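K.L.:
Before anything else, here's the structure in question.
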Amino acid sequence: MRDAVKKLWPELDWIADVDLREKTLATWVRAFELSPLTPEDLETIPFTLLVPNCPVTFMQHKRAVVHIARRSAEAMREHMGDALPIDMDVLIAGAILIDVGKLLEYEKVGGKARQSARGKALRHPFTGVAVAMECGVPDAVCHLIAAHSEEGNLVKRTTEAIIVHHADFMSYLPFKALAG
Ligand SMILES: [Fe+2]
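Heads up: the sequence shown at position 123 corresponds to 122 in numbering that gives the first Met the number 0, and the numbers run straight through without jumps.
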């Protein structure tokens with residue numbers, strides 16, 4: 000499973016800290032152990048159940064978010080320098096992990112993913128934090144998982160969490176708008 004996760008997420012190599020990279024990988028491996036979904040499923044299921052006939056897969060969307068977040072942070076650094084400190088490792092690990100809890104939110108019925116009873120009780124920000132903490136992911140990164148979605152609007156987000164939240168929503172809201 001480690002190799003399958005590495006194949007899904009070449010962006011893991013962007014995490015400079017070896018320990019954090021390992022814990023980020025371990026969280027995905029652990030989530031697959033707890034999930035009815037396989038790595039192959041993530042290349043085919045839609046990234047959201049909230050947009051009917053969503054044309055973008057889970058992995059296409061998740062990787063787009065990581066790339067957008069990283070490039071945004073690079074642009075902010077380039078233009079604003081030390082005025083706004085950004086921890087790139089926290090940002091990248093967090094961006095890779097924000098939706099790991101969806102592996103526990105979904106179930107597969109008739110070949111299609113849908114929200115499970117567990118998913119209704121505990122949406123993926125909550126289960127994602129649980130699995131990440133089990134795997135030793137530091138609190139600063141778990142914060143990004145906890146605060147990335149609308150639940151996090153009541154949280155005082157860190158700089159890294161603000162960037163990842165916007166990267167996630169700017170690549171989600173247009174599809175919602177197009178769907179009417
Ligand atoms: Fe999410």
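Even for Gly, the Cβ is constructed at its ideal location relative to N, Cα and C. Bear in mind the structure is a predicted one, so any value in this text is a computation, not a measurement.
Hey, out of H147, P51, L24, L177, whose CA is closest to A166's CA?
P.N.:
The option with the nearest alpha carbon to A166 is H147.
K.L.:
Here's a check: name, in chain order, each residue in its chain whose Cβ is nearer than 8 Å to the Cβ of M75, leaving out the five neighbours to either side.
P.N.:
Answer for M75: L83, I85, I162, listed in chain order.
K.L.:
On the three-pair Cβ rule with 8 Å, is the segment 95 to 103 touching the segment 3 to 23?
P.N.:
The segment 95 to 103 is in contact with the segment 3 to 23.
K.L.:
Take P35 and list the residues in its own chain whose beta-carbon comes closer than 6 Å to its own, dropping the five residues that flank it on each side.
P.N.:
So the qualifying residues of the chain are E106, K107.
K.L.:
Which complete alpha helix (DSSP H) runs does the segment 62 to 136 hold, if anything under 4 residues is left out?
P.N.:
Runs found: 87 to 96, 101 to 104, 116 to 120, 123 to 133.
K.L.:
Which term fits R69, buried or exposed, when burial requires 16 or more other beta carbons within 10 angstroms of its beta carbon?
P.N.:
When all chains shown are included, R69 counts as buried.
K.L.:
Evaluate the contact criterion for the segment 109 to 117 versus the segment 58 to 73: three or more CB pairs, one atom per stretch, below 8 Å.
P.N.:
Because the criterion of three Cβ pairs below 8 Å is not met, the segment 109 to 117 and the segment 58 to 73 do not touch.
K.L.:
Measuring CA to CA, which of P51, L172, P137 is closest to A92?
P.N.:
Taking only the C-alpha atoms, the option nearest A92 is P137.
K.L.:
Quick one: what's got a C-beta closer than 8 Å to P51's C-beta in the same chain, skipping five residues either side?
P.N.:
Contacts found: A178.
K.L.:
For T56, which residues of its own chain have a beta-carbon under 8 Å away from its beta-carbon, when the five flanking residues on both sides are left out?
P.N.:
Contacts found: L41, E42, T43, I44, P45, F46.
K.L.:
Secondary structure at T47, three-state DSSP: helix, strand or coil?
P.N.:
Coil.
K.L.:
Grouping DSSP H, G and I as helix and E and B as strand, with all else coil, what is T26?
P.N.:
Helix.
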